[in-house]
């Protein structure tokens, strides 16, 4: 089985690329989705986060039940490396356990290629699980414009969020392939289709002989 690590900068178009990979028949494991599920009320990750940060990061739903306030939690850890490290420590194990479970299921159901859609692929050292890595990239000016349009925030806030991540140039250098999304959305989709076509040719032997 060939495991592809898909990463990129914020607002670079990674979600679009992952969607194309799915449409082209590749199995995509979404690490953001795993993280959200792990920290839902009652789950293992949720309990670990509450133990770490207390009830200040909780809100209530329409039924009056406690839920994690993800925006509040993001504000707490933003630009605070110590608190971000605590959050990562609280959620890392539940996320990894579920990730490995999904990889195993993919193997047992004979999926020849699995894509790990992971914004923090290199930061979390998950590239060690991968046969190859792909970075979705564009110019920072495009990132800022897309981020502002998507989230309705200021340019300064967008730049701060981008700066808080691993430099995109470093991600490009660490990756085996780079998909440049600086053009139109159609160009991005076509590039993603071409890359998906390359990986669709790979099978189980590539895991043994990578």
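Numbering (our numbering), first residue to last: 2 to 211. The C-beta atom is built at its ideal place from N, Cα and C for all residues, glycine as well.
Annotated as proximal: residue 130 and residue 4, with beta-carbon spacing under 8 Å. Beta-bridge partners of residue 58 (DSSP): none assigned.
Nearest Cα to residue 17 within the set 118, 95 and 63: 118. In terms of Cβ geometry, residue 135 and residue 178 form a close pair [threshold 8 Å]. In the DSSP assignment, residue 35 falls within the alpha helix (DSSP H) that extends over 32 to 39. By DSSP's assignment, residue 138 forms a beta bridge with 181. Shortest Cα-Cα distance from residue 57 to any of 84, 203, 87 and 73 involves 73. Membership of residue 4 in the beta strand (DSSP E) is indicated by the continuous run 3 to 9.
It is roughly 43 Å from the alpha-carbon of residue 112 to the alpha-carbon of residue 157.
DSSP places residue 24 in the helix class (H, G or I) of the three-state scheme. According to DSSP, residue 69 shares a beta bridge with 59.
Using a Cβ distance threshold of 8 Å, residue 32 and residue 116 do not count as a contacting pair.
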